[in-house]
Every structure is written in C-alpha cells, then in structure tokens.
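**Student:** I'd like to ask you about the structure that follows.
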Amino acid sequence: MKAELEQLIALQNTDTSIRRLQSEIDSIPQRRADIEKEFEQRAFEIRAIEMRRDDARHERARLETELQEQRTRLERAERNLMSSKNEHEYTAAIREADAARKQISQLETQVLEKMETLEQAETQLKEREPEISTMQAEHEERMKAFEEQTRTQTEQLAERRQERDRLMESLPKQLSATYKRISTRIRDGVAVAEARNGSCSACFMALRPQVMAEVRRGEEIIMCDNCNRILYYVPADTAQNKTRPASAASEVVAS
Ligand SMILES: [Zn+2]
977 MKAELEQLIA
987 LQNTDTSIRR
997 LQSEIDSIPQ
1007 RRADIEKEFE
1017 QRAFEIRAIE
1027 MRRDDARHER
1037 ARLETELQEQ
1047 RTRLERAERN
1057 LMSSKNEHEY
1067 TAAIREADAA
1077 RKQISQLETQ
1087 VLEKMETLEQ
1097 AETQLKEREP
1107 EISTMQAEHE
1117 ERMKAFEEQT
1127 RTQTEQLAER
1137 RQERDRLMES
1147 LPKQLSATYK
1157 RISTRIRDGV
1167 AVAEARNGSC
1177 SACFMALRPQ
1187 VMAEVRRGEE
1197 IIMCDNCNRI
1207 LYYVPADTAQ
1217 NKTRPASAAS
1227 EVVAS
C-alpha cells in the first residue's frame, strides 16, 4: 500500500502541475494583450508625433494640389487679359487674376506652415530615435521570451498529461477510480492530503488518534472523515523531500 500511496502523491503532484500549466496556457491571449498594451502606452507620445508628421504630410500634398489649380487659374486669367477685346473682358480678367493671386499667396503660407510642422515632427522623431529603438527592441525581446515561455509550458503540459496517464494505468483500478471520484468532486481537485501534526492538511480537521495511527502505518487507504481526501503520512526525516515520491513511484510496480 505504501508504494500505491506514493503513486497517488505523484499523481496528485502531476495533476496540480497540469492545472497550473493549463491556467497559464488559458491566460496566454490575455497576457499577450497586456504586453502589447503596455508597449502602446509607452509608445503613445511617439505615436502622437508620428501622427502629427503624417497629417502634415497629407495636408501639404493636398495644399500643393490646390496651389497648382490656382496657378493654372492665374495663367488662364493672364492669357485672357492679353487677349481681352473690350473693357468688360479686361475687368473680368483683372479680377480673376487678383483672386487667383490672393488664393496662391494664402496657400503658399499654409504650405510653409505645414512644412514647418513636418520638419519639427521629423526632428523630434530623429532626436528620440535611440529611445524608440530601445523601446522596440525591449518589446520584441519581451514578446520572444513570452512566446518561448508559452511554448515550454505547452510542452510541459503534454509531458505531464502523459505522466498522468502512465500513473493512472499503473494504479490498481479501484484506487484510480477512487482518486478520480474524489478529485473531480473536490473543488481544488486535490484528492490526496498529508496528515500532519494530527490534522488533515487540506481541511485542517483534527484526526482521531486511531485514524492518525492507521495513516502512519500506511497499510490501507484512509480518508479524512471531514473532507474525504486520501490521507498520507510523511515521516519527519523525509518531510523535506515530499516531492520525491513522484520519481520513485514510477519504478515501483503496484501490487
Ligand atoms: Zn480533510
């Protein structure tokens, strides 16, 4: 029975590890989004400058097109002025040319303003280039580490699952069924609990001396009267190596 108890403990350790890994893996999208969000927050100021630069660039292009239209308008007006045949045509051409010139002057001012904004933004971005590249490098590094971690966790989960199947198979049918029944019913999934200092370490209920003595002997499966977990006892001198049965158990053939 002692060997079987050790297998149960190993199974419990494996299940706990599976649950932890599973919850880590379930939170991957959220954790990835958190990293992206943090980066976006850090990059916010830079994004604002980039936006100002892009806006100025587009606006300038639009103004240049308009300016070209007004220049064409002025040329046409000047041609009309040269070929005007009467007072009326002459006045109209003069008026048209003046209006075009006025527009051109305004547009040229606006283009200059946009160019200034554009240059300022570009200067700022250039000045902050080291900061930007550091930030991007850090972010890429973090994402890489994150992807690496999730890959490892996924691999570990697959390994633990195999280990679990192996442990389940090596246990006597009745015992594995008992374990399954308890672990699915109990909220935290922990079906095995250490009896320590005369109490169940899972529910903290004091154990009757006779129960404690039986658990200590380890000859049969004893359950906690209160939480129904399978109890086991770790002698004081091996208490620090509690996780060791996990590796030892695999070599023990259940009887
Ligand atoms: Zn208990």
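Per our numbering, the sequence shown runs over residues 977 to 1231. Ideal placement from N, C-alpha and C gives every residue a C-beta, glycine not left out.
With a threshold of 8 Å, are at least 3 pairs of Cβ atoms found where one atom belongs to the stretch 1170-1184 and the other to the stretch 1014-1027?
**Tutor:** The stretch 1170-1184 is not in contact with the stretch 1014-1027.
**Student:** Examine ligand 2 and report whether any of its heavy atoms sits within less than 7 Å of the Cβ of A1182.
**Tutor:** As far as ligands go, the structure on display features ligand 1 and does not contain ligand 2.
**Student:** R1172 lies in the beta strand (DSSP E); which residues open and close that run?
**Tutor:** First-last of the beta strand (DSSP E) with R1172: V1168 to R1172.
**Student:** Mind checking which residues open and close the alpha helix (DSSP H) that includes I1162?
**Tutor:** First-last for I1162: undefined, no H or E at that position.
**Student:** Less than 8 Å between the CB atoms is what I'm expecting for L1083 and L1043, so what's the real figure, rounded?
**Tutor:** With a Cβ gap of about 4 Å, L1083 and L1043 count as contacting.
**Student:** What do you reckon, is the C-beta of A1161 under 7 Å from a heavy atom of ligand 1?
**Tutor:** Here residue 1161 turns out to be Arg, not Ala, going by the sequence shown. No, the beta carbon of R1161 sits no closer than 7 Å to any heavy atom of ligand 1.
**Student:** Tell me which residues share the same chain as N1202 and place their Cβ nearer than 8 Å to its Cβ, disregarding the 5 neighbours each side in the sequence.
**Tutor:** These residues qualify, in order along the chain: C1176, C1179 and M1181.
**Student:** Taking just the CA atoms, how far does T1085 sit from A1069?
**Tutor:** Approximately 24 Å between the Cα atoms of the pair.
**Student:** Using DSSP bridges, identify the partner residues of M1199.
**Tutor:** DSSP output for M1199 lists I1206 as bridge partner(s).
**Student:** Count the other CB atoms, across all protein chains shown, that sit within 10 Å of the CB of E980; report buried if there are 16 or more and exposed otherwise.
**Tutor:** E980 is buried by the Cβ-count criterion.
**Student:** Give the secondary structure of S993 by DSSP, where H, G and I count as helix, E and B as strand, and everything else as coil.
**Tutor:** Residue state, collapsed to three classes: helix.
**Student:** Is the beta carbon of A1153 less than 8 Å from the beta carbon of R1205?
**Tutor:** Cβ distance not < 8 Å, so A1153 and R1205 don't count as in contact.
**Student:** Going by Cα to Cα distance, which pick from R1047, A1019 and E1131 is closest to K1078?
**Tutor:** Checked all of R1047, A1019 and E1131; the closest Cα to K1078 is R1047.
**Student:** List the whole-angstrom C-beta distance separating A1032 from K1120, where the pair is believed to meet the contact cut-off of C-beta under 8 Å.
**Tutor:** No, A1032 and K1120 are not in contact; Cβ-Cβ is about 35 Å, not under 8 Å.
**Student:** Which residue's Cα is closest to the Cα of E1105: I1162, R1071, L987 and E1021?
**Tutor:** Taking only the C-alpha atoms, the option nearest E1105 is E1021.
**Student:** Apply the 10 Å Cβ neighbour rule to E982 and answer buried if 16 or more other Cβ atoms are within range, or exposed otherwise.
**Tutor:** The residue in question, E982, is buried, as its Cβ has 16 or more Cβ neighbours within 10 Å.
**Student:** Compute the beta-carbon to beta-carbon distance between Y1209 and V1191, rounded to the nearest angstrom, for a pair I have assumed lies under 8 Å.
**Tutor:** Right, the Cβ-Cβ distance comes to about 5 Å (below 8 Å), so this counts as a contact.
**Student:** With C-beta atoms as the reference, is L987 less than 8 Å away from L1133?
**Tutor:** Contact flag unset, no.
**Student:** Ligand 1 and A1167: does any heavy atom of the ligand fall closer than 7 Å to the residue's C-beta?
**Tutor:** No.
**Student:** Which stretch, first to last residue, makes up the alpha helix (DSSP H) that contains L1143?
**Tutor:** E1105 to S1146 is the extent of the alpha helix (DSSP H) around L1143.
**Student:** When DSSP builds the beta bridges, which residues end up paired with S1177?
**Tutor:** S1177 is not bridged to any residue.
**Student:** For A1212, count neighbouring C-beta atoms within 10 Å of its own C-beta (all shown protein chains included) and say buried if the count is 16 or more, exposed if not.
**Tutor:** A1212 is exposed by the Cβ-count criterion.
**Student:** Have a look at S1060 and Q1100 and give me their C-alpha separation to the nearest angstrom.
**Tutor:** So the two alpha carbons sit approximately 53 Å from each other.
**Student:** Under three-state DSSP, which class holds A986?
**Tutor:** Helix.
**Student:** Can you tell me whether R1136 is buried or exposed, with buried defined as 16 or more other CB within 10 angstroms of its CB?
**Tutor:** Buried, because 16 or more other Cβ atoms sit within 10 Å of the Cβ of R1136.
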